[in-house]
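J.: FYI, in numbering that gives the first Met the number 0 the residues of the sequence shown are 0 to 137.
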Amino acid sequence: MPDGADARYLFGIVKNVAAKAEGEALAKILLALRLETKDKELDRLSTTRENVCCLQKDDREVIKDCVERAFETERSLDRNFWLTSISQEICNRSLGDASKRDTLYFVATKKINTTFCIPPRERQDALRMIADNLIPLG
0 MPDGADARYL FGIVKNVAAK AEGEALAKIL LALRLETKDK ELDRLSTTRE NVCCLQKDDR
60 EVIKDCVERA FETERSLDRN FWLTSISQEI CNRSLGDASK RDTLYFVATK KINTTFCIPP
120 RERQDALRMI ADNLIPLG
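(1) In this structure, does DSSP put F70 in helix, strand or coil?
(2) Quick one: grab the DSSP three-state call for K110.
(3) Tell me which same chain residues have a C-beta within less than 6 Å of the C-beta of I117, skipping the five on either side of it?
(4) Does the region 51–67 come close enough to the region 83–91 to have 3 or more Cβ pairs within less than 8 Å?
(5) Can you list, in chain order, the residues of its chain whose CB lies under 8 Å from that of R120, leaving out five sequence neighbours each side?
(6) Which same chain residues end up closer than 6 Å to K99 when comparing Cβ atoms and leaving out the 5 residues on each side of it in sequence?
(7) Looking only at its own chain, which residues have a Cβ that is under 8 Å from the Cβ of K19, when we skip the five neighbours before and after it?
(8) Taking the C-alpha atoms as reference points, what is the distance between L103 and N15?
(9) Quick one: give me the first and last residue of the alpha helix (DSSP H) that T83 is part of.
(10) Just to confirm my understanding: we take R59, look at its own chain, exclude 5 residues before and 5 after, and list those with CB closer than 8 Å. What are they?
Set out below in structure tokens:
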């Protein structure tokens with residue numbers, strides 16, 4: 000903590016973290032609602048995901064492909080869709096095996112952390128979102 004910082008400084012940090020978490024939760028809810036209503040744009044994304052994530056493909060390659068798709072898009076909806084897809088694919092492909100889950104998670108984190116065309120804060124947000132989806136804290 001910087002010299003002279005007081006409770007207001009810490010409150011500002013907590014406020015910013017809470018605002019980001021609230022925004023991410025809202026984005027997840029909106030994504031779920033749009034999927035539920037069969038949104039045409041999400042139908043396109045879902046079809047693409049089915050092709051990308053077919054079970055015959057190598058697990059690591061599927062995860063890397065999803066990361067690339069998440070960062071190729073400008074739209075936050077698309078990015079959230081692909082980041083959520085990464086978490087879902089890790090769960091689907093690990094089938095409860097914690098070691099395999101962790102291995103696939105680290106495949107995703109390595110790919111994310113080496114995507115240097117994306118600012119560090121966005122890469123960190125992506126890592127947090129995937130981890131939150133894989134192992135929710137509350």
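All residues carry an ideal CB built from backbone N, CA and C; glycine is no exception.
T.: Quick answer:
(1) helix
(2) helix
(3) F70
(4) yes
(5) none
(6) S93
(7) D124
(8) 30 Å
(9) 75–93
(10) L103, V106
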